[in-house]
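Working notes, beginning with the structure itself.
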Ligand SMILES: [Zn+2]
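Numbering (the numbering used here), first residue to last: 161 to 404.
What follows is the structure, encoded as structure tokens:
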């Protein structure tokens, strides 16, 4: 398997794109993709489908955590490609992000200033996405028929309608951008791309309380034995926010 396709658990693979990860699940019912990368990640996602031993027509579901261009880039193209080979893939998005996704917009403004703002303006094309047509919206608490039961959890903060997915039976959490793991440093979503830092902390606390065995994030490596690390960073983040 390529260094960009990393096994997480049997039947679950991390696809490491240039900037963002997505996750491919192969279970008895077919393939499920969690988040859809950037547009440039299409080839890598197709490689992952190949490596799973299944085919594109087995893709049954794409689940999206939030309306950022680095998480939805290949969604429309993958759906079209799967349908073109006889598949019936569906796209499901968080209810709280449905309107911006349908409009082809991120669900919050980035709070960037100075050079960073200029850099983002220069690369805006990379992050842009077209209005998305989806099949259904996901509500908090909904149990999806994936991995024996995948729970939808509303985890606002990074964006207003961000959601995460938790496979209770496996202790496997797909946290989207509620957490990040840059440079081997697990962190709660914060900074200029976070819509509401207090809401992000509240959501991270909710996720940490699940005591997951494994946390899969949009950015950075997967963390095994996740619960103690999550509890530590949530506590440290809380102290930092309280200190102002
Ligand atoms: Zn992201």
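Ideal placement from N, C-alpha and C gives every residue a C-beta, glycine not left out.
Just checking my contact of residue i with residue j at CB under 8 Å: how many whole Å lie between their CB atoms?
i: residue 341; j: residue 404; result: Between residue 404 and residue 341 the Cβ distance is about 25 Å, and since that is not below 8 Å, they are no contact.
i: residue 401; j: residue 358; result: 7 Å
i: residue 296; j: residue 252; result: 5 Å
i: residue 327; j: residue 307; result: 4 Å
i: residue 264; j: residue 291; result: 4 Å
i: residue 211; j: residue 165; result: 5 Å
i: residue 348; j: residue 393; result: 6 Å
i: residue 280; j: residue 272; result: 5 Å
Residue i to residue j, Cα distance in whole Å?
i: residue 354; j: residue 319; result: 6 Å
i: residue 267; j: residue 167; result: 31 Å
i: residue 329; j: residue 372; result: 10 Å
i: residue 284; j: residue 369; result: 36 Å
i: residue 303; j: residue 325; result: 9 Å
i: residue 189; j: residue 315; result: 27 Å
i: residue 352; j: residue 293; result: 28 Å
i: residue 206; j: residue 250; result: 17 Å
i: residue 363; j: residue 170; result: 28 Å
i: residue 387; j: residue 209; result: 30 Å
i: residue 224; j: residue 275; result: 30 Å
i: residue 300; j: residue 270; result: 25 Å
i: residue 181; j: residue 246; result: 27 Å
i: residue 385; j: residue 187; result: 23 Å
i: residue 338; j: residue 356; result: 11 Å
i: residue 389; j: residue 346; result: 7 Å
i: residue 204; j: residue 248; result: 21 Å
i: residue 305; j: residue 163; result: 29 Å
i: residue 243; j: residue 213; result: 19 Å
i: residue 317; j: residue 185; result: 26 Å
i: residue 309; j: residue 278; result: 43 Å
i: residue 191; j: residue 395; result: 36 Å
In its own chain, which residues sit with a C-beta less than 8 Å from the C-beta of residue i, not counting the 5 before and 5 after it?
i: residue 178; result: 198, 200 and 201
i: residue 183; result: 168, 172, 173, 174, 175, 193, 194, 195, 334 and 376
i: residue 398; result: 361 and 365
i: residue 350; result: 357, 360 and 397
Here's a check: name, in chain order, each residue in its chain whose Cβ is nearer than 6 Å to the Cβ of residue i, leaving out the five neighbours to either side.
i: residue 227; result: 257, 260, 261, 266 and 267
i: residue 287; result: 229
i: residue 332; result: 374
i: residue 254; result: 298, 321 and 323
Could you name the residues of the same chain whose beta carbon sits closer than 7 Å to that of residue i, not counting the 5 residues immediately before and after it, in chain order?
i: residue 233; result: 196, 197, 198, 199, 201 and 289
i: residue 391; result: 368
message: With three or more beta-carbon pairs closer than 8 Å as the criterion, would you say the segment 333-349 touches the segment 371-380?
response: yes
query: Counting by C-beta, which residues lie closer than 7 Å to a heavy atom of ligand 1, in chain order?
result: 180, 228, 230, 231, 337, 378 and 379
task: Tell me, please, whether the segment 202-220 touches the segment 235-254 by the rule of three or more beta-carbon pairs shorter than 8 Å.
output: yes
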